[in-house]
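Please read the structure below before turning to the comments.
Protein chains: 4
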Amino acid sequence: MKLASATLMLSAARVEAERLGVIVCVSVVDAAGYPVAFLRMDGLALGCIDVCIKKARTAALFHMDSADFARVACPGGGAYSLELTNGGLTSFGGGLAVRDRNGVVVGGIGVSGASTEDDIAIGLVGLAALS
Amino acid sequence: MKLASATLMLSAARVEAERLGVIVCVSVVDAAGYPVAFLRMDGLALGCIDVCIKKARTAALFHMDSADFARVACPGGGAYSLELTNGGLTSFGGGLAVRDRNGVVVGGIGVSGASTEDDIAIGLVGLAALS
Amino acid sequence: MKLASATLMLSAARVEAERLGVIVCVSVVDAAGYPVAFLRMDGLALGCIDVCIKKARTAALFHMDSADFARVACPGGGAYSLELTNGGLTSFGGGLAVRDRNGVVVGGIGVSGASTEDDIAIGLVGLAALS
Amino acid sequence: MKLASATLMLSAARVEAERLGVIVCVSVVDAAGYPVAFLRMDGLALGCIDVCIKKARTAALFHMDSADFARVACPGGGAYSLELTNGGLTSFGGGLAVRDRNGVVVGGIGVSGASTEDDIAIGLVGLAALS
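Protein chains in written order, with the numbering used here: chain A, 32 to 162; chain B, 32 to 162; chain C, 32 to 162; chain D, 32 to 162.
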């Protein structure tokens, strides 16, 4: 995950958040879950920072969007306690796996601060900026 | 969050706890979740200390009362695992966001030791001392 | 919690475990949850050690048996996430509050390794050794 | 748990994973839960590493397969919060206790990366390599 790519994603996500009129933070991590770039909009509830980083990490470390991760990593989901591994993961939407042209996961993007639906929509706009 | 404000809140909360005949601890934190002031009444179950601090942090970090946070941050609530972020948050009542005259969150107050209902009532009395 | 008291409790609990033909570990902690004495019987599954210590801490820190704690500190129990505070607590039976003649909590005893029912029974025998 | 035994298990498990066409990691730990040997196949989702180690630890520390552990260590299972002890355990299948000829637990093997069903099947092939 190049910084140039991460920056593109952050910018696109921010524009979308402003268009929707919501305040979010956005994190982009590499394939190992380490942060590449991050931004938070003014007025954000500070607890969302850790959330968006964990969403991005979840997607990168498990090669799946956090909304899909949530279906199994919860009580009764078949893999309950998975969400407790790797220092704590996120079992709801807003984390998206970032893939290269060959489908290989190269990182993740996480959005937090708005409704889960909007967080996901903003993340998708970030992803689209790469293609 | 000024110490003078926090002290006012603690005093009012304590008086209310004594009036109700319950033993609680009360924590006031700033907008970033850092402690400003704390008190524990004699005889408190010591486990409640960490609880009231986490309640106050939860409210401050997510700009909402912990009772509202509890509705989403639980299994089946739509944002399950949110309660595991930020070093561990509290998904039940007794943490209240403290706002200034413009509605901006400036901190949180957390109460623990009595029933959740009483903890909330005591926190509200603390909040009221500011206005 | 005096060491002499803790030792009495451990000895009685061990005798009861042997009578029941089960292998357990037993922990006694003071009112602040710090260990006073501990024993583990040969052949114990090592994961039980942390469990019995946490059971004793839970009882001491919240002035209630861990079986009662379990009723509220679980998903849907009204105080979900309470079990995540204080470094991790135990939401099932086998931890018992130790009280002095005036009913004041002076510590806790925790038993793990057998069925929850037997763990509780063994803990009660430990408690009885004090009176 | 000798390294020679652990290596045998890893090799057999890897062959089975390749036969099934899945990408997994495998961890073998000793009776105290400490790692003896580990491998990860190319292309693994990195989050699985911590998972397979925790599966192996869970089996070794509680003398039972993690699929059995999962039945009690979950909300409503009778020992909810057990999965939070010992630094975090795994409440789903793929961790298997390793026993010597006398039935004494000498360690655990954990597999992660495929479906839980396949993870278990691969672990069983690893176990079989010892007999």
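C-beta: ideal position from N, C-alpha, C; glycine also.
Contact with chain C by residue i, beta-carbon distance below 8 Å
i     : result
D/P22 : No answer is possible for residue 22 of chain D: the residues shown for chain D start at 32 and end at 162.
Within chain C, the residues that residue i reaches when beta carbons sit closer than 8 Å
i      : result
B/F123 : G109, A110, Y111, S112 and L113
D/T116 : G78, D81, V82, K85, G119 and T121
C-beta contact flag for residue i and residue j at 8 Å
i      : j      : result
A/V60  : A/G139 : yes
C/Y111 : B/C105 : yes
B/I157 : B/L41  : What sits at residue 157 of chain B in the sequence shown is Gly, not Ile. Yes, Cβ-Cβ distance for B/G157 and B/L41 is below 8 Å.
A/V164 : B/L113 : The structure shown does not extend to residue 164 of chain A, since chain A is modelled only from 32 to 162, so the question has no answer here.
C/D149 : C/G126 : no
A/G144 : A/V53  : yes
A/A152 : A/A43  : no
Below-8 Å beta-carbon distance, residue i vs any chain B residue
i      : result
C/F93  : yes
C/A63  : yes
A/V103 : no
The ligand NAP heavy atom lying under 7 Å from the CB of residue i
i      : result
D/F100 : Annotation note on the ligand NAP: not contained in the displayed structure, which lists no ligands.
Residue-level contact to chain A via CB, residue i, 8 Å cutoff
i     : result
D/T38 : no
Integer Cβ distance of residue i from residue j, believed to fall under 8 Å
i      : j      : result
C/T147 : C/G124 : 5 Å
C/L34  : C/A68  : 6 Å
C/T89  : C/T38  : About 22 Å; that fails the 8 Å criterion.
C/M32  : C/V137 : 5 Å
B/L70  : B/V57  : 6 Å
C/V55  : C/A63  : Incorrect: roughly 24 Å between the Cβ atoms, too far for contact.
Entirely within the region 45-108 of chain C and at least 3 residues each: give me those beta strand (DSSP E) ranges in chain order. 56-61 and 66-71
What residue ranges within the region 118-157 of chain C form continuous beta strand (DSSP E) runs of no fewer than 3 residues, ordered along the chain? 126-130 and 136-143
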